[in-house]
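**Student:** The structure under discussion is supplied below as structure tokens; questions concerning it will follow.
There are 2 protein chains.
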Amino acid sequence: LVAVSARSPKPDLPLDGVRWDDDPLALARAADIDCVVELMGGAEGPALALAEATLAAGKPLVTANKALLAAHGLALARAAEAKGVALRYEAAVAGGIPVIKALLESLAGNRIDTVAGILNGTCNYILTRMAAEGLSFEAVLADAQKLGYAEADPATDVDGWDSAHKLALLAALAFGAPPDLASLSVQGIRSITPLDHRFAAELGYRIKLLGVATRSDDGVEARVAPALLPVGSPLAGVDGVINAVSVKGAPVGTVTFVGPGAGGDPTASAVLGDVVDVARGAVGLPFGRAADALRPWPLLPVARRRGAWYVRLCVSDQPGVVAGIAGILRDEAISIESLLQFGRSRTDSVPVILITHDVAEDALFRAVDAIAGLPFVWDKPFCLRLQPS
Amino acid sequence: LVAVSARSPKPDLPLDGVRWDDDPLALARAADIDCVVELMGGAEGPALALAEATLAAGKPLVTANKALLAAHGLALARAAEAKGVALRYEAAVAGGIPVIKALLESLAGNRIDTVAGILNGTCNYILTRMAAEGLSFEAVLADAQKLGYAEADPATDVDGWDSAHKLALLAALAFGAPPDLASLSVQGIRSITPLDHRFAAELGYRIKLLGVATRSDDGVEARVAPALLPVGSPLAGVDGVINAVSVKGAPVGTVTFVGPGAGGDPTASAVLGDVVDVARGAVGLPFGRAADALRPWPLLPVARRRGAWYVRLCVSDQPGVVAGIAGILRDEAISIESLLQFGRSRTDSVPVILITHDVAEDALFRAVDAIAGLPFVWDKPFCLRLQPS
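Dropping the structure here:
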């Protein structure tokens with residue numbers, strides 16, 4: 015370690031024998047620095063400037079900055095390739111889990127069909143405690159903030175954007191496309207209730223915030239959303255702040271990686287792995303093929319997105335409810351795997367849970383809109399995908 | 015693909031446009047072959063001859079041959095380093111799971127403390143079905159042989175040797191030592207009974223054949239043995255022919271890899287990953303450091319091996335049994351976490367299960383020998399380690 019800088023004023027760190035620079039860009043320019051490690055964060059500003067200056071100076075860059083790469087990955091890859099230097103970012107996705115190298119190198123002989131992951135430890139911590147303790151999202155969030163597991167402004171985590179940055183990188187690597195945050199659908203976990211966890215458990219599922227990118231002949235679908243996972247599937251048992259990524263490909267089958275997804279120590283492990291690679295002379299292509307050979311993926315049209323769904327309704331407890339709902343589903347050719355009513359009430363709403371068989375997403379949402387208009391339906395229906403195991 | 019050979023006569027394969035050679039060594043000599051992939055198997059004979067000839071010719075070698083590397087890894091690494099060529103063997107351990115590269119590269123910045131894995135799909139299939147269906151080892155083995163999950167001669171799998179070959183490689187990578195099969199203790203799964211699975215389940219454990227290598231300040235312990243894993247730990251839920259490896263290190267923490275451990279397709283994925291690395295110009299050191307810098311590990315003395323144990327006894331159902339057993343344990347300063355008797359019988363033996371707190375292994379085996387000599391103890395006590403989660 016030769017020199018250190020920061021976006022903020024000089025931190026109170028032991029820097030014995032290590033140079034301090036007020037200006038991060040000085041690191042890119044210094045003749046005695048062979049490799050720059052960027053850990054400042056942020057998609058723009060000093061992090062972007064340092065990344066650009068480092069690569070322009072022909073120096074390898076190691077970064078943990080998912081937002082930077084999700085926004086500027088293609089341009090930075092071009093810059094690295096132009097100078098023939100490494101751009102490495104193992105720490106940007108799932109912390110200590112070496113999934114970037116697995117996709118870039120170990121699984122290079124595969125056609126990757128699906129990447130699915132629990133990519134945000136804060137959300138997984140919140141969902142795990144909600145499920146285990148029957149608590150509300152707000153209660154667990156407040157506790158997580160006290161314990162340091164959630165930021166004062168939790169939006170990046172709980173609204174799915176941190177997961178989306180990571181999924182954009184995983185999907186790019188899996189499918190040979192430039193990272194493209196805008197092509198992802200993103201939904202967070204604020205609307206999950208303790209009831210959803212209870213119903214899911216009774217039906218044999220766990221609710222997790224998943225980032226999923228799937229390729230079929232008709233196109234790619236990439237989304238971050240809470241989903242129901244069958245108990246016993248590799249990701250369903252991943253609890254607390256732990257991250258996990260499952261990669262399904264041919265010929266390999268499904269390989270799942272589980273480990274610590276955030277924090278200084280796992281990040282250090284991933285950064286050190288990249289630095290060792292750079293020291294050993296590895297260059298590689300940042301996205302596994304030349305930046306100019308990356309092709310944006312055709313998006314799978316909504317009508318072609320098929321899957322099973324969990325739908326939670328609040329209805330009046332009166333005759334004709336099931337007939338009304340079932341009629342709308344029949345009109346959209348949606349078949350029902352289970353329909354469960356929980357509790358009874360003459361005066362209040364009662365929850366009804368539907369699990370559908372595989373349906374086209376547009377048909378499901380037309381049906382849900384129609385159901386929302388029924389006189390005995392109290393709230394907008396809440397829908398979650400069932401993730402196939 | 016340029017040419018193919020085999021240890022047996024020419025197989026009935028489609029070889030359009032690919033040369034057949036009766037002599038595998040011709041592949042090492044041929045001027046038009048840049049890289050040899052060895053998939054013949056066997057620690058000696060044609061596989062060893064081909065590996066030596068390939069490296070001597072200055073050509074990179076990709077192999078799936080765990081037995082070869084466990085026996086001759088150090089010499090082959092020296093040969094590869096002498097010529098500056100790659101020796102890659104991702105497919106040799108845990109099939110499609112990229113754990114060799116993870117240890118060599120991704121986790122290179124870590125001190126690895128423990129590597130623990132379910133490394134043999136045949137054994138895991140047998141143990142999973144025994145646990146789920148209450149069947150005997152012999153019954154499931156016979157079925158596994160019919161289904162092609164077990165060989166006609168199952169000894170290499172069920173007696174732990176296949177796992178031992180893989181553990182020898184994992185331990186070498188984790189601890190910077192030459193692979194040393196002779197330093198491992200190896201125990202198979204033939205003695206596990208349906209009762210053990212039932213008792214384990216009642217106590218909150220699953221029985222898995224584990225390969226475990228652990229480093230402490232006092233030395234390294236490496237063993238293949240069936241062990242009790244707490245339900246909910248990452249390896250306990252890995253069922254059927256699936257393999258899994260957990261790596262515990264600092265700073266990373268624990269990272270677990272789960273996936274298909276054997277078969278043509280996962281092996282192909284691992285071999286292709288290695289071939290792509292070779293094609294990209296990666297050389298590396300076969301064991302992550304120079305062969306001459308690998309140091310045999312000091313073995314942890316038995317008296318320093320501490321852990322909790324499951325002990326199954328068959329005893330007469332009579333007064334004084336618990337007092338007799340407990341007295342012996344007290345004399346060896348072994349404390350008991352649980353002692354359970356299952357069933358009652360005036361005429362037959364009944365099983366008694368002991369779970370100890372952490373004890374030194376030599377003390378446990380002295381106590382077990384003494385217990386075996388008690389007049390009311392029918393059979394040799396059967397002992398399994400509890401694997402910490």
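Protein chains in written order, with our numbering: chain W, 15 to 403; chain Z, 15 to 403.
Where is the CB? At the ideal position from N, CA and C, for every residue including glycine.
Sorted by chain position, which residues of the same chain lie with C-beta nearer than 6 Å to Val129 of chain Z's C-beta, five sequence neighbours on each side aside?
**Tutor:** Your numbering for residue 129 of chain Z matches position 115 in the second sequence. These residues qualify, in order along the chain: Leu184, Ala188, Ala227 and Val261.
**Student:** Do we get a CB-CB distance below 8 Å when we pair Ala25 of chain W with the residues of chain Z?
**Tutor:** Here residue 25 of chain W refers to the residue found at position 11 when the first sequence is read from its first residue. Looking at the sequence provided, one finds Pro at residue 25 of chain W rather than Ala. With 8 Å as the cut-off, Pro25 of chain W does not count as an interface residue toward chain Z.
**Student:** How should Gln401 of chain W be labelled, buried or exposed, when 16 other C-beta atoms within 10 angstroms of its C-beta is the threshold for buried?
**Tutor:** Your numbering for residue 401 of chain W matches position 387 in the first sequence. Flag for Gln401 of chain W reads buried.
**Student:** Tell me the DSSP bridge mates of Gly135 of chain W?
**Tutor:** As a working mapping, residue 135 of chain W is identified with position 121 in the first sequence. Per the DSSP secondary-structure output, Gly135 of chain W pairs with nothing in a beta bridge.
**Student:** Are the CB atoms of Asp279 of chain W and Glu104 of chain W within a distance shorter than 8 Å?
**Tutor:** Along the first sequence, one-based indexing puts residue 104 of chain W at 90. Along the first sequence, one-based indexing puts residue 279 of chain W at 265. Not closer than 8 Å, so no.
**Student:** Going by the CB atoms, is the gap between Ala374 of chain W and Ala317 of chain W shorter than 8 Å?
**Tutor:** Counted from its first residue, the first sequence places residue 317 of chain W at position 303. Counted from its first residue, the first sequence places residue 374 of chain W at position 360. Yes. Within cutoff.
**Student:** Given a cut-off of 8 Å, decide if Leu82 of chain Z and Ala63 of chain Z are closer than it, judged by their beta-carbon atoms.
**Tutor:** Taking the first residue of the second sequence as position 1, residue 63 of chain Z is located at position 49. Taking the first residue of the second sequence as position 1, residue 82 of chain Z is located at position 68. Their beta carbons are not under 8 Å apart, which means Ala63 of chain Z does not touch Leu82 of chain Z by this criterion.
**Student:** Gln159 of chain Z to Leu141 of chain Z, Cα distance in whole Å?
**Tutor:** As a position in the second sequence, residue 159 of chain Z is number 145, starting the count at 1. As a position in the second sequence, residue 141 of chain Z is number 127, starting the count at 1. Cα to Cα, the separation comes out at about 14 Å.
**Student:** Starting from Lys24 of chain Z and walking both ways along the beta strand (DSSP E), at which residues does that stretch end?
**Tutor:** Your numbering for residue 24 of chain Z matches position 10 in the second sequence. That residue, Lys24 of chain Z, is in no beta strand (DSSP E); it is neither H nor E in DSSP.
**Student:** To the nearest angstrom, how far is the alpha carbon of Val113 of chain W from that of Ser120 of chain W?
**Tutor:** Counted from its first residue, the first sequence places residue 113 of chain W at position 99. Counted from its first residue, the first sequence places residue 120 of chain W at position 106. Roughly 9 Å between the two C-alpha positions.
**Student:** Considering Pro402 of chain W, what are the terminal residues of the alpha helix (DSSP H) in which it resides?
**Tutor:** The residue you call residue 402 of chain W lines up with position 388 of the first sequence. Here Pro402 of chain W belongs to no alpha helix (DSSP H), and DSSP marks it neither H nor E.
**Student:** Please state whether DSSP places Val266 of chain W in a helix, a strand or coil.
**Tutor:** Position 252 of the first sequence, counting from 1, holds the residue named residue 266 of chain W. Coil, per DSSP.
**Student:** Using 8 Å as the threshold, is the C-beta distance between Val76 of chain W and Val285 of chain W below it?
**Tutor:** Position 62 of the first sequence, counted from the start, is the residue given in the question as residue 76 of chain W. Position 271 of the first sequence, counted from the start, is the residue given in the question as residue 285 of chain W. It is a contact, given that the beta carbons lie within the stated cut-off.
**Student:** Roughly how many whole angstroms lie between the Cα atoms of Pro60 of chain W and Ala94 of chain W?
**Tutor:** As a working mapping, residue 60 of chain W is identified with position 46 in the first sequence. As a working mapping, residue 94 of chain W is identified with position 80 in the first sequence. Straight through space, the alpha carbons of Ala94 of chain W and Pro60 of chain W are spaced by roughly 18 Å.
**Student:** Report the residue from W:Ala84, W:Leu88, W:Ile47 and W:Ala85 whose alpha carbon sits nearest the alpha carbon of Thr68 of chain W.
**Tutor:** Taking the first residue of the first sequence as 1, we reach residue 68 of chain W at position 54. Minimum Cα distance to Thr68 of chain W is reached at W:Ile47.
**Student:** Is the beta carbon of Leu223 of chain W closer than 8 Å to that of Tyr422 of chain W?
**Tutor:** Only positions 15 to 403 of chain W appear in the structure, and residue 422 of chain W is not among them; the question remains open.
**Student:** Secondary structure at Ala347 of chain Z, three-state DSSP: helix, strand or coil?
**Tutor:** Position 333 of the second sequence, counted from the start, is the residue given in the question as residue 347 of chain Z. Three-state DSSP puts Ala347 of chain Z in coil, outside helix and strand.
**Student:** Using CA atoms only, rank isn't needed, just tell me which of W:Val99, W:Ala164, W:Ala214 and W:Leu117 is closest to Ala146 of chain W.
**Tutor:** Position 132 of the first sequence, counted from the start, is the residue given in the question as residue 146 of chain W. Looking at the Cα atoms, W:Ala214 is the closest of the given residues.
**Student:** Please report the straight-line C-alpha distance between Ile348 of chain Z and Val382 of chain Z, rounded to a whole angstrom.
**Tutor:** By one-based count along the second sequence, residue 348 of chain Z stands at place 334. By one-based count along the second sequence, residue 382 of chain Z stands at place 368. Distance between the alpha carbons of Ile348 of chain Z and Val382 of chain Z is about 11 Å.
**Student:** Which same chain residues, not among the five before or five after Gly254 of chain W, have their C-beta less than 8 Å away from its C-beta?
**Tutor:** Sequence index remark: in the first sequence, residue 254 of chain W carries index 240 (1-based). Non-local C-beta neighbours of Gly254 of chain W in its own chain, meaning closer than 8 Å and more than five positions away in sequence, comprise Gly135, Asn138, Tyr139 and Thr142, ordered along the chain.
**Student:** Determine the contact status of Leu368 of chain Z and Ile350 of chain Z, defining contact as a CB-CB distance below 8 Å.
**Tutor:** Residue numbering aside, residue 368 of chain Z sits at position 354 when the second sequence is read from its first letter. Residue numbering aside, residue 350 of chain Z sits at position 336 when the second sequence is read from its first letter. It is a contact, given that the beta carbons lie within the stated cut-off.
**Student:** Determine contact between the stretch 202-211 of chain Z and the stretch 170-180 of chain Z, defined as no fewer than three beta-carbon pairs at a distance below 8 Å.
**Tutor:** Yes, the stretch 202-211 of chain Z is in contact with the stretch 170-180 of chain Z.
**Student:** Assuming Val336 of chain Z and Leu353 of chain Z make a contact with CB atoms under 8 Å, what is their CB distance in whole Å?
**Tutor:** Counted from its first residue, the second sequence places residue 336 of chain Z at position 322. Counted from its first residue, the second sequence places residue 353 of chain Z at position 339. Val336 of chain Z to Leu353 of chain Z, Cβ: 7 Å. Contact.
**Student:** Ala96 of chain Z and Gly405 of chain Z - do their beta-carbons sit closer together than 8 Å?
**Tutor:** Nothing about residue 405 of chain Z can be read from this structure; chain Z reaches only from 15 to 403.
**Student:** In chain order, what are the residue ranges of uninterrupted beta strand (DSSP E) at least 3 long that sit wholly in the stretch 327-400 of chain Z?
**Tutor:** For the stretch 327-400 of chain Z, the continuous beta strand (DSSP E) assignments of 3+ residues that do not extend past its boundaries occur at 350-355, 363-370 and 396-400, in sequence order.
**Student:** If distances are taken between C-alpha atoms only, which option among Z:Arg380, Z:Phe396, Z:Leu299 and Z:Arg360 comes closest to Leu88 of chain Z?
**Tutor:** As a working mapping, residue 88 of chain Z is identified with position 74 in the second sequence. When only C-alpha atoms are compared, the closest one is Z:Leu299.
**Student:** For Thr281 of chain Z, write down the residues that DSSP places opposite it in a beta bridge.
**Tutor:** The residue labelled residue 281 of chain Z in the question sits at position 267 within the second sequence. None, per the DSSP bridge assignment.
**Student:** How would you label His179 of chain W, buried or exposed, when you count the other beta carbons within 10 angstroms and need 16 or more for buried?
**Tutor:** Residue mapping note: residue 179 of chain W aligns to position 165 of the first sequence, counting from 1. Residue burial annotation: His179 of chain W is buried, with at least 16 other C-beta atoms found within 10 angstroms of its C-beta.
**Student:** Label Val252 of chain Z either buried or exposed according to how many other C-beta atoms from any shown protein chain fall within 10 Å of its C-beta, with 16 as the threshold for buried.
**Tutor:** Position 238 of the second sequence, counting from 1, holds the residue named residue 252 of chain Z. Val252 of chain Z comes out buried.
**Student:** Flag Glu119 of chain W as yes if its beta-carbon sits less than 8 Å from any beta-carbon of chain Z, otherwise no.
**Tutor:** By one-based count along the first sequence, residue 119 of chain W stands at place 105. At least one chain Z Cβ lies under 8 Å of Glu119 of chain W.
**Student:** With 8 Å as the limit, tell me which residues of the stretch 172-189 of chain W have their beta carbon closer than that to any beta carbon of chain Z; keep them in chain order.
**Tutor:** none
**Student:** Considering Arg92 of chain Z, what are the terminal residues of the alpha helix (DSSP H) in which it resides?
**Tutor:** If you number the second sequence from 1, residue 92 of chain Z lands on position 78. Note, Arg92 of chain Z: alpha helix (DSSP H), Lys80 to Lys97.
**Student:** Could you tell me whether the Cβ of Arg415 of chain W comes closer than 8 Å to any Cβ of chain Z?
**Tutor:** Outside the modelled stretch of chain W, which goes from 15 to 403, sits residue 415 of chain W, for which no answer is possible.
**Student:** Who are the near neighbours of Gln355 of chain W in its chain, counting only those whose CB is closer than 7 Å to its CB and skipping five residues on each side?
**Tutor:** Within the first sequence, the letter at position 341 stands for residue 355 of chain W. Closer than 7 Å at the Cβ level, and outside the excluded window around Gln355 of chain W, lie Val364 and Val366.
**Student:** Which residues of chain W have a Cβ atom closer than 9 Å to the Cβ of Ser403 of chain Z, listed in chain order?
**Tutor:** Stepping through the second sequence from its first residue, residue 403 of chain Z is reached at position 389. Under the 9 Å cutoff, chain W gives no residues; its nearest Cβ is about 13 Å from Ser403 of chain Z.
**Student:** Are Ala239 of chain Z and Arg399 of chain Z close, meaning C-beta to C-beta below 8 Å?
**Tutor:** Within the second sequence, the letter at position 225 stands for residue 239 of chain Z. Within the second sequence, the letter at position 385 stands for residue 399 of chain Z. In contact: Ala239 of chain Z and Arg399 of chain Z (Cβ atoms closer than 8 Å).
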